[in-house]
C-alpha cells in the first residue's frame, strides 16, 4: 500500500471545458414494469424509471448528438482543430472497430486527429476527460473531445435491470481563456476490486451483490473526493454542487452525506431516479445538468466511479462565459422531459432481448 | 450494403455533406459534381444545416431486406431549408404524429446492420424539431 499523501493531477497550462453537451434517448421504462414482470409488483423499485435507447440508437449515435451539442456551446471552434476524440463506454457497438472514428467523422474532426475508445466500466468517460485535460494542458493539441456514453444492459430479472439506462455526455476541453468552466485539479483513486465485470462474449454483466457497496463504490468515491479536497485545501462548503456516480439513488446520497455534502448541493446533478444509471454517462450527465444552471464563480466537484475499481475526482470553477453560451444547445432537463413511456414488452423488443433466429 | 459503398457515402450520410454550385449558388444533395440548375461543374463541399420540413411521407409495414427489425417506420421526403429534397426515415416520432409541413431536423442514427457479423451503417434520419434552439 502506498501511503503517500494525495497529490493533485494538474497540467502546467490552464485548461477548461470549452463546450459541453448531453443526450438522453426518449423512451422510459418505469421500474414498476420490471417489478411487475419479475416480482409480481412486490419487490420495490430503486428508481422511478430509466432511459431506453430506440432501435436505431447506440453509443455511436448518442455520442454524436452529445458531441454536436458540445460543439454548439463552444465559441466558434472549428471541428478540424479538435486533435483528439475519445469515447468511454462499456457498450461500444463493435468489439473491434472504434466508436471514436465514427464520431470524429460525423462531427468533421477527421483526419488530423487522435481517436480512441476508453474502457473502465462507469468511469471510462471521466478518465477520457482527465486525459483530454492532460492532452490540451501539455500543448499537444488545442482541443480534445471526451465523451462518456452507454446503452447498458441488465440481465432480465437482475437488480441491475431496474436501473441500467442509456445516455451520454460530451466535453470539449480547450484553453482556459475560452472556457465555460476552469479545470482546477483532479485526483484518482484506483485498486483491483472485483465488484462488477463482464467477460468476453458475454451479453450481460455479473456483479458481487452487496460487495459492490462498501469495498467498491463507497471506498473509492470517498477516497477520491477526500484526496482531491485534501490536495486542494478545499472543504465541502467550498462547492456549490457535488456530482457523484449514480448507480441508484441510495449510493450517491449516502456517500455525499458521509463526506459532508448536503442534498441542496447534490440534487441538481442527481438524475438516476429519472433516467437510470447511464454508466459511463452517469456522473458526466449529472455534470451537464449542473452546468445548465451553475452561476459564474461557483465550484463543482465531480466524482466518478468505475467498477474494477476506481474513482476520478475533478474540481471545476464556472466562468462568466457560461451565461452567454449554455442556451446554444438543449439542456439536460430538456432531454429528460422529452419522454415516451414504454412497457416491458416494448423494452424487450427495443433491447433485442427477443431472439428471433 | 457493401463495405466500399458504405464507406464512400459516409460524409453525406453522417452529416449531410453536399455541394454548392460556384456559379449559381444552388445547394446540391446528394453530391453529383454537376449543378442540376445551371449544369456547371460543382465540386465545392457544403454541409447542409439539416433543418427542413416534411414534404410527403408514407409508413412502412412490410420492410425491404435489412430493415425488417424497424417496422413500422415512416419514410419522408424532406424539403431542406437550402432547397434539396431528400428521402429519409423519420425517427423519434410515431406514424400518427407525422404531418405534411412538420418542421424536422437531422440526426445521425443507425440505418441498418449487415447481420450480426457485418458492418453497421449510420446515417441521417429526421425527427420533429424538439427544442429551441434547434440543434
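Residue numbers (the working numbering), protein chains in the order written: chain C, 869 to 1225; chain V, 22 to 156.
All C-beta atoms in this analysis are idealised placements derived from N, C-alpha and C, irrespective of residue type, glycine included.
Amino acids of chain C, ordered along the chain, whose beta-carbon sits closer than 7 Å to that of residue i
{"i": "residue 177 of chain V", "result": "The structure shown does not extend to residue 177 of chain V, since chain V is modelled only from 22 through 156, so no value can be given for it."}
Within chain C, partners of residue i - CB distance below 9 Å
{"i": "residue 50 of chain V", "result": "What residue 50 of chain V touches in chain C: nothing, since even the nearest Cβ is about 16 Å away."}
{"i": "residue 91 of chain V", "result": "923, 924"}
C-beta neighbour in chain V for residue i, strict 8 Å
{"i": "residue 1202 of chain C", "result": "yes"}
{"i": "residue 928 of chain C", "result": "yes"}
{"i": "residue 1206 of chain C", "result": "yes"}
{"i": "residue 922 of chain C", "result": "yes"}
{"i": "residue 1120 of chain C", "result": "no"}
{"i": "residue 953 of chain C", "result": "no"}
{"i": "residue 970 of chain C", "result": "yes"}
{"i": "residue 1198 of chain C", "result": "yes"}
{"i": "residue 966 of chain C", "result": "no"}
CB contact below 8 Å: residue i versus chain C
{"i": "residue 80 of chain V", "result": "no"}
{"i": "residue 135 of chain V", "result": "no"}
{"i": "residue 64 of chain V", "result": "no"}
{"i": "residue 146 of chain V", "result": "yes"}
{"i": "residue 143 of chain V", "result": "yes"}
{"i": "residue 152 of chain V", "result": "yes"}
Spatial distance of residue i from residue j (CA atoms)
{"i": "residue 1015 of chain C", "j": "residue 57 of chain V", "result": "40 Å"}
{"i": "residue 80 of chain V", "j": "residue 93 of chain V", "result": "7 Å"}
{"i": "residue 114 of chain V", "j": "residue 1210 of chain C", "result": "14 Å"}
{"i": "residue 1111 of chain C", "j": "residue 45 of chain V", "result": "53 Å"}
{"i": "residue 1121 of chain C", "j": "residue 1031 of chain C", "result": "16 Å"}
{"i": "residue 923 of chain C", "j": "residue 112 of chain V", "result": "10 Å"}
{"i": "residue 1191 of chain C", "j": "residue 1163 of chain C", "result": "8 Å"}
{"i": "residue 1185 of chain C", "j": "residue 1106 of chain C", "result": "11 Å"}
{"i": "residue 75 of chain V", "j": "residue 99 of chain V", "result": "5 Å"}
{"i": "residue 96 of chain V", "j": "residue 976 of chain C", "result": "27 Å"}
{"i": "residue 1129 of chain C", "j": "residue 1218 of chain C", "result": "38 Å"}
{"i": "residue 1002 of chain C", "j": "residue 952 of chain C", "result": "11 Å"}
{"i": "residue 118 of chain V", "j": "residue 1049 of chain C", "result": "40 Å"}
{"i": "residue 47 of chain V", "j": "residue 107 of chain V", "result": "15 Å"}
{"i": "residue 913 of chain C", "j": "residue 920 of chain C", "result": "17 Å"}
{"i": "residue 1020 of chain C", "j": "residue 68 of chain V", "result": "33 Å"}
{"i": "residue 935 of chain C", "j": "residue 955 of chain C", "result": "10 Å"}
{"i": "residue 1203 of chain C", "j": "residue 892 of chain C", "result": "6 Å"}
{"i": "residue 53 of chain V", "j": "residue 29 of chain V", "result": "13 Å"}
{"i": "residue 1115 of chain C", "j": "residue 1147 of chain C", "result": "7 Å"}
{"i": "residue 1141 of chain C", "j": "residue 918 of chain C", "result": "7 Å"}
Spatially closest choice to residue i from the options, by CA coordinates
{"i": "residue 34 of chain V", "options": "V:89, V:133, V:91", "result": "V:133"}
{"i": "residue 152 of chain V", "options": "V:125, V:30, V:52", "result": "V:125"}
{"i": "residue 987 of chain C", "options": "C:997, C:1083, C:1101, C:1115", "result": "C:997"}
{"i": "residue 1045 of chain C", "options": "C:1085, C:1189, C:872", "result": "C:1189"}
{"i": "residue 90 of chain V", "options": "V:54, V:82, V:32", "result": "V:82"}
{"i": "residue 1195 of chain C", "options": "C:907, C:1159, C:1142", "result": "C:1159"}
{"i": "residue 1104 of chain C", "options": "C:1067, C:883, C:1124, C:1021", "result": "C:1124"}
{"i": "residue 1144 of chain C", "options": "C:874, C:953, C:990", "result": "C:990"}
{"i": "residue 876 of chain C", "options": "C:1052, C:920, C:1009", "result": "C:1052"}
{"i": "residue 974 of chain C", "options": "C:930, C:1152, C:964", "result": "C:930"}
{"i": "residue 1078 of chain C", "options": "C:1056, C:1119, C:1059, C:1040", "result": "C:1119"}
{"i": "residue 1151 of chain C", "options": "C:1037, C:1102, C:1063", "result": "C:1037"}
{"i": "residue 1084 of chain C", "options": "C:882, C:1067, C:1063, C:908", "result": "C:1063"}
{"i": "residue 26 of chain V", "options": "V:141, V:130, V:148", "result": "V:141"}
{"i": "residue 136 of chain V", "options": "V:88, V:36, V:144", "result": "V:88"}
{"i": "residue 1229 of chain C", "options": "C:1212, C:965, C:1095", "result": "This structure cannot settle anything about residue 1229 of chain C, because the visible part of chain C is limited to 869 through 1225."}
{"i": "residue 906 of chain C", "options": "C:1026, C:1182, C:1167, C:928", "result": "C:1026"}
{"i": "residue 882 of chain C", "options": "C:1076, C:1154, C:1187, C:1042", "result": "C:1042"}
{"i": "residue 1008 of chain C", "options": "C:963, C:980, C:1133", "result": "C:980"}
Cβ neighbours of residue i in the same chain (closer than 7 Å, five flanking residues each side left out)
{"i": "residue 155 of chain V", "result": "At residue 155 of chain V the pLDDT is 45, less than 50, meaning the model places this residue with poor confidence; the figure from the coordinates comes in the next sentence. So the qualifying residues of the chain are 72, 126."}
{"i": "residue 1207 of chain C", "result": "894, 896"}
{"i": "residue 1197 of chain C", "result": "889, 937, 940, 941"}
{"i": "residue 65 of chain V", "result": "40, 41, 43"}
{"i": "residue 1174 of chain C", "result": "988, 989, 990, 991, 992"}
{"i": "residue 122 of chain V", "result": "74, 75"}
{"i": "residue 949 of chain C", "result": "1010, 1011"}
8 Å Cβ cut-off: residues of chain V touching residue i
{"i": "residue 977 of chain C", "result": "The contacting residues do not exist; residue 977 of chain C stays about 11 Å from chain V at best."}
{"i": "residue 925 of chain C", "result": "130, 131"}
Where residue i meets chain V, residues with beta-carbon distance less than 7 Å
{"i": "residue 894 of chain C", "result": "113"}
{"i": "residue 974 of chain C", "result": "35, 36, 129"}
{"i": "residue 961 of chain C", "result": "141"}
Beta-carbon proximity list for residue i, same chain, < 6 Å, skipping 5 on both sides
{"i": "residue 150 of chain V", "result": "124, 126"}
{"i": "residue 110 of chain V", "result": "94, 96, 146"}
{"i": "residue 32 of chain V", "result": "38"}
Cβ neighbours of residue i in the same chain (closer than 8 Å, five flanking residues each side left out)
{"i": "residue 1088 of chain C", "result": "1057, 1058, 1059, 1061, 1173, 1177, 1178, 1179"}
{"i": "residue 138 of chain V", "result": "none"}
{"i": "residue 1099 of chain C", "result": "873, 874, 875, 876, 1053, 1055"}
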